[in-house]
Structures are given as structure tokens and as C-alpha cells.
Amino acid sequence: MFVKNFSVSHRGVVARDVFAVFHAALKKKSLNDLAIVQAIAPDALAATIMKMPRKRAVMQAATPVRLGALIALCLAQSAFAQSADAPTGLWSRSTLFGDLGGLRPWLDARGVTFGLQETSEYLNNLSGGTHRSGAYDGFTELSVGVDTQKAFGWPGGVFNVSALQIHGTSLTQRNLQALQAVSGVEADAGTRLWELWYQQSFASGKADIKIGQQSADQEFMASEYAGAFMNATFGWPVLPSVDMPAGGPAYPLSSLGVRLRVTPSNAWTVLAGVFDGNPSGIGSGSANSNGDAHGTNFNLHDGALFIGEVQYALNASDTSAPDAKSSGLPGTYKLGFWYNTQHFADQQFDTGGVSLANPASTGMAQSHRGDYGLYAVADQMVWRPSADSPQSLGVFARVMGAPGDRNLVDLAVNAGVTLKAPFTGRDNDVAGLAVSYAKIGSHARGLANDTAAVTPGYPALSSETVLEATYQFQIAPWWQVQADFQYVFRPGGGVPDPQNTSRRIGDEAVVGVRTVVAF
Numbered sequence: 001m002f003v004k005n006f007s008v009s010h011r012g013v014v015a016r017d018v019f020a021v022f023h024a025a026l027k028k029k030s031l032n033d034l035a036i037v038q039a040i041a042p043d044a045l046a047a048t049i050m051k052m053p054r055k056r057a058v059m060q061a062a063t064p065v066r067l068g069a070l071i072a073l074c075l076a077q078s079a080f081a082q083s084a085d086a087p088t089g090l091w092s093r094s095t096l097f098g099d100l101g102g103l104r105p106w107l108d109a110r111g112v113t114f115g116l117q118e119t120s121e122y123l124n125n126l127s128g129g130t131h132r133s134g135a136y137d138g139f140t141e142l143s144v145g146v147d148t149q150k151a152f153g154w155p156g157g158v159f160n161v162s163a164l165q166i167h168g169t170s171l172t173q174r175n176l177q178a179l180q181a182v183s184g185v186e187a188d189a190g191t192r193l194w195e196l197w198y199q200q201s202f203a204s205g206k207a208d209i210k211i212g213q214q215s216a217d218q219e220f221m222a223s224e225y226a227g228a229f230m231n232a233t234f235g236w237p238v239l240p241s242v243d244m245p246a247g248g249p250a251y252p253l254s255s256l257g258v259r260l261r262v263t264p265s266n267a268w269t270v271l272a273g274v275f276d277g278n279p280s281g282i283g284s285g286s287a288n289s290n291g292d293a294h295g296t297n298f299n300l301h302d303g304a305l306f307i308g309e310v311q312y313a314l315n316a317s318d319t320s321a322p323d324a325k326s327s328g329l330p331g332t333y334k335l336g337f338w339y340n341t342q343h344f345a346d347q348q349f350d351t352g353g354v355s356l357a358n359p360a361s362t363g364m365a366q367s368h369r370g371d372y373g374l375y376a377v378a379d380q381m382v383w384r385p386s387a388d389s390p391q392s393l394g395v396f397a398r399v400m401g402a403p404g405d406r407n408l409v410d411l412a413v414n415a416g417v418t419l420k421a422p423f424t425g426r427d428n429d430v431a432g433l434a435v436s437y438a439k440i441g442s443h444a445r446g447l448a449n450d451t452a453a454v455t456p457g458y459p460a461l462s463s464e465t466v467l468e469a470t471y472q473f474q475i476a477p478w479w480q481v482q483a484d485f486q487y488v489f490r491p492g493g494g495v496p497d498p499q500n501t502s503r504r505i506g507d508e509a510v511v512g513v514r515t516v517v518a519f
């Protein structure tokens, strides 16, 4: 399956065996490593997984962006793999169209891999919101990867390009006005370039550098277990989505930049990157704003976004030993930061220090130089009957903060639990429950209070909380269906209902279904 989460892509399978790359990717929680291994050597990967202890407790459909979906595909394939020969039956092969009459293996032998996947969903808010109705949305992703070792004899290189065709309507924008979009698939409709980059490994595979148009959500701030959920905040979190210009370099946007990754040992990984500070190139515009409707601006004129992350893999397997097993339940812990060099508007005061709600205000907000955030991520498997059992229980937590004077959200926390193989015979299904909290920044709350002083009845802002329950049903290695329920408390943090500004938008109950098909 190749979506945002499983883009045919990257990272140095070139000079390493499948087992080593697969375990390294698991340890680093790397979407792109797993994607390229699955794309280039799906049969060997399936056989590898069959021999190893089950290290994952969650699978995921295409939420923008995420690691879980690719793992779901790999595990689903392994469940059907009986030999080194690729399964050819409709319900056992990895893609709906199989090897396309030999085209896929022919291209693979020449270093070229490609993926095509469709993600579609329908959601409906049963209560609350500004209106009550349903909406369909989805996206098609086409991705192509080139292994330079196979193609040109150049070791350690991978070229990747991907494009999106986004369709449908955003239920969040139309009916909900929530800060945490109920789907990570939602985006402005259109056809656009997504990623375009080249990656080169060096230092015997312990480091690599990636240059080009990149989507940072594929590697930074990612939670493995959170990927099972549909709400967008469990992918690229609400804090950077709301506080960074245009939501930051995350699906469906990307920015020109450079990313360095160093893996000095099985347990430790360091990521560092610098990207253009505004992926849309036009203020805080959306993905399909007039400035970059097709993702081809390649902008370098809006400051810089610096981002760094240190990762520690608990009970990591030895990637050099094919039969290695971890000494305990695996987990990953991450600490990171980001800094944007642009100027950011104060959420409460004008240039003279007067509240923007005051009729005497100039209406021009104070400007703050730079913006930054700190974050921590934890993923931990907490239960598994045995090393070879498909069943496991995993938990995750993420917390991040940013200054309250220049950001709408200054604190975001989410956490959840996922159970893999919840029923006998359903080894690749996943059930999950999660909650996410977004606190409105101190100055934004102050502005709401100031507005209430001059507009009696104006609602106060505080926070928004989302509760989500989900179930992923793996019908075939190439087909996943997901049922979902979400409840949004205080949408937008308590923003006024546009139909009656003296009251806030009512709490929202949302149901939905998603299907993901890999062709």
C-alpha cells in the first residue's frame, strides 16, 4: 500500500539486506525505510516478518500521513506468505492488480518501483456543529522511487517523487469548525505535486542526507501507535498545524529543505532538518491557495523552519542478526524542537499595546520575531502473550508546547491505546481508543475576554478535546476498512456559533468509515 504513509520511497536498502533494513526502520519508526523495502522486496520482507517476533501493535489506514498503515500492510502480507514466492491469489497478494503481468518485477529489476493507492471516506456529524450533514473526501497517491544502485550502479541513493489527487469536501471546514480536523485526509481539492527529493546514505549506512521538496510529518513528531486513528491530530499534531504558517510542511504540503539522519547505534537516532518557513508561500494560506495550487512553487523566500529530534528505541533488536529477538517489549521515546525565523502576530495586542478588541485599537497586531515549540513522544508496547503472538497492546502519548502570546494553541496533549488482533482469527485488525486536548493560548483567550467586555454574551475560549474510538478491519493485504466514532468537546475551543454569536458551537458527535485500496 502506498499512501502518504507508504510512499514508494527512500532510504538505503541499497547496500543492506532486507532484514537489517526492516529492523532498522522499525527501530527508527521510519515510514520511508519501510516503504522502500516493501516496494523493492515485498516477498523477502513478508518472509522476514514471518520469522521475527511481532513488534507492532497497531496498523493504520491513510491518515496523513503515518507509519501504522505500512506496518499493517507488511503484517497482512506476512500472514499470507507461505514461501519465498509472492502470493498471486486475489485475497493474498499485496496489491489489487498484482504484478501487472510482470511489469512490477521487470521495473524492480531496473531499480524502479511505483505505487498507486486510493483512500476514500465518508463522515457525518450526528450532533453539534454549524450544520448537520455528511461529506465524502479522499485522495489518490501516485509515487515513484528509483534505487540508484540498481538503476545506475550508484550505491546508497534513492530518488522519490509523489503526487496527490485530492477530492471531496472537508466536513471539518463545512460543519464543525474544530481545530483538530476529524480526518487527516481532508484537504483542499486539486491535483498537486507532493514530494520530490533525493537521498544519499553514507558512513556505512549509519547516516543519510535528503535534499528536495519534503513533507516533515513523514519523519518528525510521529507516533507509531497514534497512526491507527483518523483524526488529523494523531498524525501531524494540532499545535504545529494551527501555529505554523500554512500548517507547516505536512500533508498535503511540502517544503524545500535538507534533512540529516544519523544512527550511531541500534538504540539511538538523531534527525535534523531545515526547510522553507512557509510551504504555501502566501502567508497562512491553505494548500490550494492561489500562491501554490499545484505544489510547484519551490519557495525559498519565507524564512526558515529548523527542526530537530532525538529518538531512543527501547529493547531494540540487533539489526545485524537475522534471528535476533528483543529482550523485552519494544518502545520508542523522542524529544524534539522546532524554530521558525519569520515574524508572528500577537494574538491579543496591537502595536501600541492596546487590545485588538478595543474600538480604539489600530487593528495592527504586535509582531514577534520567531516562533518555537518543544515536544515529546512516547510509544510503548505494554503487553504481548508471547514473542510470536500476533496479539499485543500498545500505548502512546505526545505533549508539546509553544509561546502563548503569538500562537492560537500553546499546549497540546494526546494519548491512547491500541489492541492488535483483538479477536481470534483477526490477526491484522486493530481496535483503538484515544483522546486529544488542545489548549487555547493565553493571549487568544485574553482577546476573547476583551471581546466579551465590549460585546456582551461573546463566548469565552478555553480548550478543545477530542475522544476517538476506531476499528480497522484488514480484509486483504491490499484492502482495509475502518469504522470510526469521534466526539468533539468545545469545538474550536469554544468559538461562537456563526448563526448565534452569543453562544458557542455545540459539541459534535461524528461517525465515519474509511477504505484504503492499494492497486
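Mapping of the sequence shown onto the UniProt record's numbering: residues 1 to 519, in sequence order.
Every residue, glycine too, gets a C-beta built ideally from N, C-alpha and C.
Whole-angstrom C-beta distance between residue j and residue i, which should lie under 8 Å
| i | j | result |
| --- | --- | --- |
| residue 97 | residue 434 | Not a contact, Cβ separation roughly 34 Å. |
| residue 340 | residue 221 | Residue 340 to residue 221, Cβ: 14 Å. No contact. |
| residue 587 | residue 255 | No answer is possible for residue 587: the residues shown for the chain start at 1 and end at 519. |
| residue 242 | residue 408 | 5 Å |
Simplified DSSP state of residue i, which is helix, strand or coil
| i | result |
| --- | --- |
| residue 497 | strand |
| residue 266 | coil |
| residue 206 | coil |
| residue 520 | Since the first residue of the chain shown is 1 and the last is 519, residue 520 is not available in this structure. |
| residue 384 | coil |
| residue 278 | coil |
| residue 478 | coil |
| residue 175 | helix |
| residue 462 | coil |
| residue 229 | coil |
| residue 455 | coil |
| residue 234 | helix |
| residue 91 | coil |
| residue 248 | coil |
| residue 104 | helix |
| residue 450 | helix |
| residue 416 | strand |
| residue 405 | coil |
| residue 510 | strand |
| residue 492 | helix |
| residue 426 | coil |
CB of residue i within 8 Å of CB of residue j, strictly
| i | j | result |
| --- | --- | --- |
| residue 346 | residue 405 | yes |
| residue 231 | residue 177 | no |
| residue 196 | residue 144 | no |
| residue 275 | residue 257 | yes |
| residue 463 | residue 487 | no |
| residue 401 | residue 379 | no |
| residue 504 | residue 490 | yes |
| residue 495 | residue 125 | no |
| residue 443 | residue 311 | no |
| residue 135 | residue 174 | yes |
| residue 450 | residue 357 | yes |
| residue 248 | residue 216 | yes |
| residue 260 | residue 250 | no |
| residue 467 | residue 440 | no |
| residue 152 | residue 198 | no |
| residue 508 | residue 129 | yes |
| residue 314 | residue 331 | yes |
| residue 492 | residue 127 | no |
| residue 429 | residue 499 | no |
Close beta carbons around residue i, own chain, < 6 Å, minus the five adjacent residues each side
| i | result |
| --- | --- |
| residue 164 | 139, 141, 192, 194 and 252 |
| residue 483 | 471 and 513 |
| residue 289 | Here the model assigns residue 289 a pLDDT of 46, short of 50, so the residue's position is not dependable, and the following value carries that caveat. These residues qualify, in order along the chain: 280 and 282. |
| residue 518 | 1, 95, 117 and 478 |
| residue 338 | 307 and 373 |
| residue 99 | 105 |
| residue 150 | 111 |
| residue 286 | The predicted position of residue 286 is uncertain, since its pLDDT is 49 and thus under 50; no value can be drawn from it. |
| residue 223 | 377, 379, 396 and 398 |
| residue 226 | 234 and 396 |
| residue 431 | 419, 422 and 471 |
| residue 469 | 433 and 485 |
| residue 131 | 175 |
| residue 333 | 312 and 378 |
Chain-order list of residues whose beta-carbon lies under 8 Å from that of residue i (same chain, five-residue window excluded)
| i | result |
| --- | --- |
| residue 206 | 262, 263 and 264 |
| residue 304 | 274, 275, 276, 277, 340 and 341 |
| residue 458 | 448, 451, 452, 496, 501 and 502 |
Sequence-distant residues of the same chain with beta carbon closer than 7 Å to residue i, five excluded per side
| i | result |
| --- | --- |
| residue 370 | 339, 340 and 341 |
| residue 300 | 256 and 276 |
Just to confirm the assignment: which complete alpha helix (DSSP H) runs, minimum length 4, are found wholly within the region 121 to 156?
148 to 152
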